[in-house]
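Peer 1: Quick note: the sequence shown, position 100, residue 437 per the working numbering, numbers continuous.
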Amino acid sequence: MTQPEPKEGQTKEVEDVETLKKILAEEKAKAEANLAGWQRAQADFINYKRRSEQEKEEIGKFANSVLMLNLLPILDDLERAFASIPLQLAKLSWVDGIKLIERKLWASLEAQGLSQIKALGEPFDPKLHEAAMHAKGKEGIVIEELQKGYKLHDRVVRPTMVVVGNGEEEEKKED
Numbered sequence: 338m339t340q341p342e343p344k345e346g347q348t349k350e351v352e353d354v355e356t357l358k359k360i361l362a363e364e365k366a367k368a369e370a371n372l373a374g375w376q377r378a379q380a381d382f383i384n385y386k387r388r389s390e391q392e393k394e395e396i397g398k399f400a401n402s403v404l405m406l407n408l409l410p411i412l413d414d415l416e417r418a419f420a421s422i423p424l425q426l427a428k429l430s431w432v433d434g435i436k437l438i439e440r441k442l443w444a445s446l447e448a449q450g451l452s453q454i455k456a457l458g459e460p461f462d463p464k465l466h467e468a469a470m471h472a473k474g475k476e477g478i479v480i481e482e483l484q485k486g487y488k489l490h491d492r493v494v495r496p497t498m499v500v501v502g503n504g505e506e507e508e509k510k511e512d
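1. Rounded to whole angstroms, what is the Cα-Cα separation between GLU350 and ALA368?
2. Taking PRO410 as the reference, give the member of ILE422, VAL432, LEU442 and GLN379 with the closest Cα.
3. With distances taken Cα to Cα, identify the nearest neighbour of LEU406 among TYR487, MET498, GLU505 and ASN503.
4. Measuring CA to CA, which of PRO496, MET470 and PHE382 is closest to PRO463?
5. Quick one: grab the DSSP three-state call for PRO410.
6. Quick one: any contact between the region 368-382 and the region 421-430, if contact means 3 or more CB pairs under 8 Å?
7. Use the C-beta contact count for GLU447: other C-beta atoms within 10 angstroms, 16 or more gives buried, fewer gives exposed.
8. Taking the alpha carbon of GLY504 as the point to measure from, which residue in LYS473, LEU483 and GLN425 has its own alpha carbon closest?
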């Protein structure tokens, strides 16, 4: 059995249906592409928002770093001043008052995230320490601290200036 030949009107309908199917397929592809683009844009926006929040947090954490860096020499000077006070003056009340001021300054800086870097007796770490010289002592170990180092949260704001042992044994003093 052979199919009857379509009439002129039916041929046009078949062509219209085929055309509509093609157009529908193209529109579906466009819709899928638009959806994928929208999903990428949404993911990009979420990532941007997260990065922006992280940057704001970082700026907030480290906004005072320049101020703290400028206060560190003052702390160094206070420490040197206390170390050089003669014993007869060390018990005076005004000296205690200045020590109290130093402790309050330290407490305030620590509350902002400042902390000292431990160096003496530790292995030399170029991320935390700045070697000023070598001297007799255990190799690679910090044997003297020349200037204290500090961290603000997890970042080094000033490395500790140190003397590092060169591996030679110190001469033992006999009485």
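Beta carbons: idealized from backbone N, C-alpha and C, even for Gly.
Peer 2: Short version:
1. 26 Å
2. LEU442
3. TYR487
4. PRO496
5. helix
6. No, they do not touch.
7. exposed
8. LYS473
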